[in-house]
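J.: Protein chains in written order, with our numbering: chain A, 1 to 120; chain B, 1001 to 1567.
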Amino acid sequence: MTNELGESQMSSDKASVDISDFTDSGDYNLRLYVAGQTPKSLAAIANLKHICETYLAGRYTIEVIDLLVTPTLAAGDQIVALPTLVRRLPPPLKRVIGNLADTERLLVGLDIRPKGFKSP
Amino acid sequence: MNKQTQPTHAESIALTKTPTGIRGLDDVTFGGLPAGRPTLLCGAAGCGKTLLAMTFLINGARDYGENGVFMSFEERAIDLEQNVASLGYGLADLVASKNIVVDHVHIERAEIEESGDYDLEGLFVRLNHAIDSIGAKRVVLDTVEALFAGFTDTGILRAELRRLFAWLKEKGVTAIVTGERGDGQLTRYGIEEYVSDCVILLDNRVEDQITTRRLRVVKYRGSAHGTNEYPFLIDDRGISVMPITSAGLGHQISDESISTGVPGLDAMLGRNGYFRGSSVLISGLAGTGKSTFGAAFIDAACHRGERCLLFAFEESQDQIVRNMSSVGIHLKPHIDAGLLRFEAARPSLYGFEMHLARMHRDIEDFGPSVVVVDPISAFRGPSLEIHATLVRLADICKTRGITALFTSLSAAGELMDESERSVSSLMDTWIGLKDHEANGERNRLLYLLKSRGMNHSKQLREYQLTDEGIELIDAYIGTEGVLTGTARLAQEARERDASNVRAQGIKRRRREIARKRASVERQIAELQAELVAQEAEINMMIEQEEAQEVAYADDRSRIASRRGAAP
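1. Give a yes or no on whether 7 Å exceeds the smallest Cβ distance from tyrosine 1189 (chain B) to chain A.
2. What span of residues does the alpha helix (DSSP H) with valine 1095 (chain B) cover, start to end?
3. Is there a C-beta anywhere in chain B that falls below 7 Å from the one on leucine 67 (chain A)?
4. Kindly say whether isoleucine 112 (chain A), judged by its beta-carbon, lies nearer than 7 Å to any beta-carbon of chain B.
5. Could you tell me whether the Cβ of alanine 46 (chain A) comes closer than 7 Å to any Cβ of chain B?
6. For proline 71 (chain A), decide whether its Cβ has a neighbour in chain B, counting only Cβ atoms nearer than 7 Å.
7. Am I right that leucine 1091 (chain B) and isoleucine 1058 (chain B) are in contact with their C-beta atoms under 8 Å? What's the rounded C-beta distance?
8. When DSSP labels each residue in this structure, what does aspartate 1235 (chain B) get in the three-state scheme?
9. Once you ignore the five residues that flank arginine 1358 (chain B) on each side, which residues in its own chain have a CB closer than 8 Å to its CB?
10. Could you pull the start and end residues of the alpha helix (DSSP H) that lysine 1516 (chain B) belongs to?
11. Which chain B residues are close to arginine 95 (chain A), counting only those with a beta carbon under 9 Å from its beta carbon?
12. According to the neighbour-count rule (16 or more other Cβ atoms, all chains shown, within 10 Å of its Cβ), is isoleucine 1513 (chain B) buried or exposed?
13. Quick one: which chain B residues come within Cβ less than 8 Å of tyrosine 33 (chain A)?
14. Could you give the distance in angstroms between the alpha-carbon of asparagine 1204 (chain B) and the alpha-carbon of threonine 38 (chain A)?
15. Report the CB separation of valine 1262 (chain B) from alanine 1312 (chain B) in whole angstroms; it is logged as a contact under 8 Å.
16. State the CB to CB distance for the pair arginine 1237 (chain B) and serine 1257 (chain B), rounded to an integer number of angstroms; the pair is presumed to be in contact (CB under 8 Å).
17. Less than 8 Å between the CB atoms is what I'm expecting for alanine 1130 (chain B) and aspartate 1103 (chain B), so what's the real figure, rounded?
18. Whose C-alpha, out of A:Leu48, A:Leu42, A:Ala43 and A:Lys40, is nearest the C-alpha of glycine 31 (chain A)?
19. With C-beta atoms as the reference, is tyrosine 1189 (chain B) less than 7 Å away from phenylalanine 1148 (chain B)?
20. Which residues mark the beginning and the end of the beta strand (DSSP E) in which arginine 1138 (chain B) is found?
21. Using the beta-carbon of each residue, which ones in chain B are nearer than 9 Å to lysine 40 (chain A)?
22. Compare the C-beta of glycine 1142 (chain B) with all C-beta atoms of chain A and state if any pair is closer than 7 Å.
23. Specify the secondary structure class of valine 17 (chain A) as computed by DSSP and reduced to three states.
24. Buried or exposed: where does alanine 1061 (chain B) fall if 16 or more other Cβ atoms within 10 Å of its Cβ makes it buried?
25. Going by beta carbon distance, what residues of the same chain come within less than 7 Å of alanine 1487 (chain B), once the five residues before and after it are set aside?
26. Between which residues of its own chain and serine 1278 (chain B) is the CB-CB distance below 7 Å, once the five residues before and five after are set aside?
27. Per the DSSP calculation, glutamate 1081 (chain B) is bridged to which residue(s)?
28. Roughly how many angstroms lie between the CA atoms of isoleucine 1329 (chain B) and methionine 1054 (chain B), to the nearest whole one?
29. Excluding five sequence neighbours on each side, which residues of the same chain lie with their C-beta closer than 6 Å to the C-beta of glycine 1464 (chain B)?
30. Under a CB-based cut-off of 7 Å, is valine 1105 (chain B) close to chain A?
31. Could you pull out every unbroken beta strand (DSSP E) segment of at least 3 residues lying fully inside the region 1323 to 1369 of chain B, listed in chain order?
32. Can you find a CB in chain B that lies within less than 7 Å of the CB of arginine 88 (chain A)?
33. Between the C-alpha atoms of threonine 1187 (chain B) and threonine 1211 (chain B), what's the straight-line distance to the nearest angstrom?
34. Less than 7 Å between CB atoms is the rule here; does valine 1139 (chain B) satisfy it with respect to chain A?
35. Would you decide whether arginine 1076 (chain B) is buried or exposed? Buried here means 16 or more other CB atoms lie within 10 Å of its CB.
36. Let me check understanding here. Comparing Cα to Cα, which of B:Ile1239, B:Gln1317 and B:Leu1446 lies closest to valine 1084 (chain B)?
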């Protein structure tokens, strides 16, 4: 369900991650829900990419879902606020809402330790 | 030309309404909720908000061909289905047939981290998708205030809610938004600010350990509406609001009179019974047979083939049937024939309003022509409330042309008690039952305190409960007051003796007169006989003297001729 929106930017990231790495708890499977190309959506995508590159280089995949295109997906992940970032892997499921401008909160929300420590 | 176009213009502007299909609520709102607009439904926990909202959707899908979306922020879809199944709502079927969509919005504060600016577009997307997927016309958000627990930034929330309600309006769906009652305002987070077209308040008040559900339309922009608090019921027959709208006295009246079931009483009333559609109060002390009068009335009505509804607040159905058969009133056949229905309940089961609402609904369902409430004095509470309840009950009956008979237990020594005083002015006919205690026994007396529009008897009458029902007896009213029972019998015996004595005296006088007449007549006869005898004697003497006179004349002529004198 990858949107054209961020496809080209993220294709390189995706390619760098091997499929088998998903089983490793160190790998991050992130899903970002947005609705259209609003300034908030674009900001969230940019912020997310930046953080991931900084802290999780080579250990993440990002899926961007535009709910205007696929509204049925909203109920499945209990999306109310937008943008919502859902950490599907590693468990437990985590959510961060907003344009992800607050890096500190985003890192807390995703359970990422700045020095590359994994959550216990 | 102008005049012709005006009404059509007004019609197009007039607010269209979406019927809720909830009995009574559509009457209170004069047609339903504002179509295409959101309505706020608020109330404390356990008021029935979710249920009312769900009923709105289900009725819409089932009866009005309008599909609905139920967006629940609290209960899961499966829980909702189970909860409303107890009221006979087949929610699962309507969901399966794609008439209703239930979307459970789950927000877990602990799972959410906020980072930067956000909005609730996700909610809009979900709602929009749900509405469009089945072409829904009705939407319920239950309760949207749960969002406040899920997000910290209330500034964003408020802005988004404002946008949501505007969006709902634009979407043209008729929405119910529920909200929890808050301190000093209608909802905890003040969302009534955003939903301003129609606000309905539910209430569940506990007074003297009895709860009463009430509903009030707080505001309804662009429409008239009933402004009172109306009691409503939630039971196995769903939800029903019972507005008592007949504040006026414009009900039709009838000249027809119907039998009281007691022949003597019919005669006393002067019109062969009560007027149809009138209210009758029978008050009296314990054991005076109030219920029996009620049962006699029911019996008579059932024999005429009319439907009767008996609200019993002190005895159960079986008990009443058994007790009445001991005085020759057999109610069982009427119950079997479906003409008589009992609604027995303890007065303390509900509050007044609930009782009234229940009675109202039962009356509507059963459509009786006779209603008996036995007794109204079972209601205990502030007289104002009792009065309000009974006034409206009497009104309900009167507007439907139902003859209502109320019994009331009065306290000994008191002329009327609280409940009687409060309803006395409502009653068209008031029959008082009295106990008369004298000579070591108690006897029952009946009198008519009033009977509007009838030239009724003013007499105190003794009555007896016999094997064949109620029997009225002429009471003895003499110089010593009212005599009843054995005293009456004794007095009657004394009167009989006295009249015997009088009769004998008359006979004696008659005999005397006859004797006198006989003796006088005898005297007259004697005198007449004497007269006759004397007459005969005198006549004889007259004859003798006349004969002598003739003889003398002869003698003189002979002497003269002898002397030779010429004649």
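The beta carbon of each residue, even a glycine, is placed where N, CA and C say it ideally should be.
T.: Working from what's here:
1. For the purposes of this step, residue 1189 (chain B) is taken as the residue at position 189 of the second sequence. Contact of tyrosine 1189 (chain B) with chain A is not assigned, every C-beta pair being separated by 7 Å or more.
2. In the second sequence, the residue the question calls residue 1095 (chain B) occupies position 95. Here the alpha helix (DSSP H) through valine 1095 (chain B) covers 1091 to 1096.
3. Sequence index remark: in the first sequence, residue 67 (chain A) carries index 67 (1-based). So yes, leucine 67 (chain A) belongs to the interface.
4. By one-based count along the first sequence, residue 112 (chain A) stands at place 112. It does not; no Cβ of chain B falls within 7 Å.
5. For the purposes of this step, residue 46 (chain A) is identified with residue 46 of the first sequence, where counting begins at 1. Chain B contact via Cβ: absent.
6. Sequence index remark: in the first sequence, residue 71 (chain A) carries index 71 (1-based). So, interface residue.
7. Sequence index remark: in the second sequence, residue 1091 (chain B) carries index 91 (1-based). Sequence index remark: in the second sequence, residue 1058 (chain B) carries index 58 (1-based). About 7 Å; that satisfies the 8 Å criterion.
8. In the second sequence, the residue the question calls residue 1235 (chain B) occupies position 235. The three-state secondary structure of aspartate 1235 (chain B), taken from DSSP, is strand.
9. As a first step, residue 1358 (chain B) is located in the second sequence; it is residue number 358 there, counting from the start. So the list reads Leu1233, Glu1343, Ala1345 and Tyr1350, once near-sequence residues are dropped.
10. Position 516 of the second sequence, counted from the first residue, corresponds to residue 1516 (chain B). For lysine 1516 (chain B), the enclosing alpha helix (DSSP H) starts and ends at 1485 to 1562.
11. To locate residue 95 (chain A), count along the first sequence from 1; it is residue 95. Result: Glu1108, Glu1111, Ile1112 and Glu1113.
12. Here residue 1513 (chain B) corresponds to residue number 513 of the second sequence, with the count starting at 1. That one is exposed.
13. Working through the first sequence from its first residue, we reach residue 33 (chain A) at position 33. Residues of chain B passing the Cβ test: Gly1122.
14. As a position in the second sequence, residue 1204 (chain B) is number 204, starting the count at 1. As a position in the first sequence, residue 38 (chain A) is number 38, starting the count at 1. When only Cα atoms are considered, asparagine 1204 (chain B) and threonine 38 (chain A) end up about 46 Å apart.
15. Residue 1262 (chain B) sits at position 262 when you count from the first residue of the second sequence. Residue 1312 (chain B) sits at position 312 when you count from the first residue of the second sequence. Not confirmed; about 20 Å, so no contact.
16. Within the second sequence, residue 1237 (chain B) is the residue found at index 237, counting from 1. Within the second sequence, residue 1257 (chain B) is the residue found at index 257, counting from 1. About 36 Å separates the two Cβ atoms, so there is no contact after all.
17. As a working note, residue 1130 (chain B) is residue 130 in the second sequence. As a working note, residue 1103 (chain B) is residue 103 in the second sequence. With 8 Å as the limit, alanine 1130 (chain B) and aspartate 1103 (chain B) qualify as a contact, their Cβ atoms being about 5 Å apart.
18. On the first sequence, position 31 is the one that residue 31 (chain A) refers to. A small fix is needed here, since residue 31 (chain A) is arginine in this sequence, not glycine. When only C-alpha atoms are compared, the closest one is A:Leu48.
19. Position 189 of the second sequence holds residue 1189 (chain B). Position 148 of the second sequence holds residue 1148 (chain B). At a Cβ-Cβ threshold of 7 Å, tyrosine 1189 (chain B) and phenylalanine 1148 (chain B) count as neighbours.
20. Within the second sequence, numbered from 1, the residue matching residue 1138 (chain B) stands at position 138. Start and end: 1138 to 1142.
21. The residue given as residue 40 (chain A) occupies position 40 in the first sequence. Per Cβ cutoff of 9 Å: Gly1116, Asp1117, Tyr1118, Asp1119 and Glu1121.
22. Walking along the second sequence from the start, residue 1142 (chain B) turns up at place 142. What sits at residue 1142 (chain B) in the sequence shown is aspartate, not glycine. Answer no: the Cβ-Cβ gap between aspartate 1142 (chain B) and chain A never drops below 7 Å.
23. Working through the first sequence from its first residue, we reach residue 17 (chain A) at position 17. Interpretation of valine 17 (chain A) is limited by its pLDDT of 43, a score under 50 that renders its predicted location unreliable; the figure taken from the coordinates is listed afterwards. Reduced to three states, the DSSP call for valine 17 (chain A) is coil.
24. By one-based count along the second sequence, residue 1061 (chain B) stands at place 61. Looking at its Cβ environment, which holds 16 or more other Cβ atoms inside 10 Å, alanine 1061 (chain B) is buried.
25. For the purposes of this step, residue 1487 (chain B) is identified with residue 487 of the second sequence, where counting begins at 1. Within the same chain, alanine 1487 (chain B) has close Cβ partners Ala1438 and Asn1439.
26. For the purposes of this step, residue 1278 (chain B) is identified with residue 278 of the second sequence, where counting begins at 1. If we look at serine 1278 (chain B) and ignore the five residues flanking it on each side, its Cβ neighbours are Thr1403, Asp1428 and Thr1429.
27. Sequence index remark: in the second sequence, residue 1081 (chain B) carries index 81 (1-based). The partner list for glutamate 1081 (chain B) (beta bridge, DSSP) is empty, contrary to what the question assumes.
28. Along the second sequence, one-based indexing puts residue 1329 (chain B) at 329. Along the second sequence, one-based indexing puts residue 1054 (chain B) at 54. Rounded to whole angstroms, isoleucine 1329 (chain B) to methionine 1054 (chain B) spans 47 Å at the Cα level.
29. Within the second sequence, residue 1464 (chain B) is the residue found at index 464, counting from 1. According to the sequence displayed, residue 1464 (chain B) carries glutamine and not glycine. These residues qualify, in order along the chain: Glu1471.
30. As a working note, residue 1105 (chain B) is residue 105 in the second sequence. With 7 Å as the cut-off, valine 1105 (chain B) counts as an interface residue toward chain A.
31. 1340 to 1344
32. Along the first sequence, one-based indexing puts residue 88 (chain A) at 88. No, no contact with chain B.
33. Here residue 1187 (chain B) refers to the residue found at position 187 when the second sequence is read from its first residue. Here residue 1211 (chain B) refers to the residue found at position 211 when the second sequence is read from its first residue. Computed Cα separation, rounded: 21 Å.
34. Position 139 of the second sequence, counted from the start, is the residue given in the question as residue 1139 (chain B). For valine 1139 (chain B), the answer is no, since every Cβ of chain A falls outside 7 Å of its Cβ.
35. Reading the second sequence from its first residue, position 76 is the one you call residue 1076 (chain B). By the 10 Å Cβ count, arginine 1076 (chain B) comes out exposed.
36. The residue given as residue 1084 (chain B) occupies position 84 in the second sequence. Nearest option by C-alpha distance: B:Ile1239.
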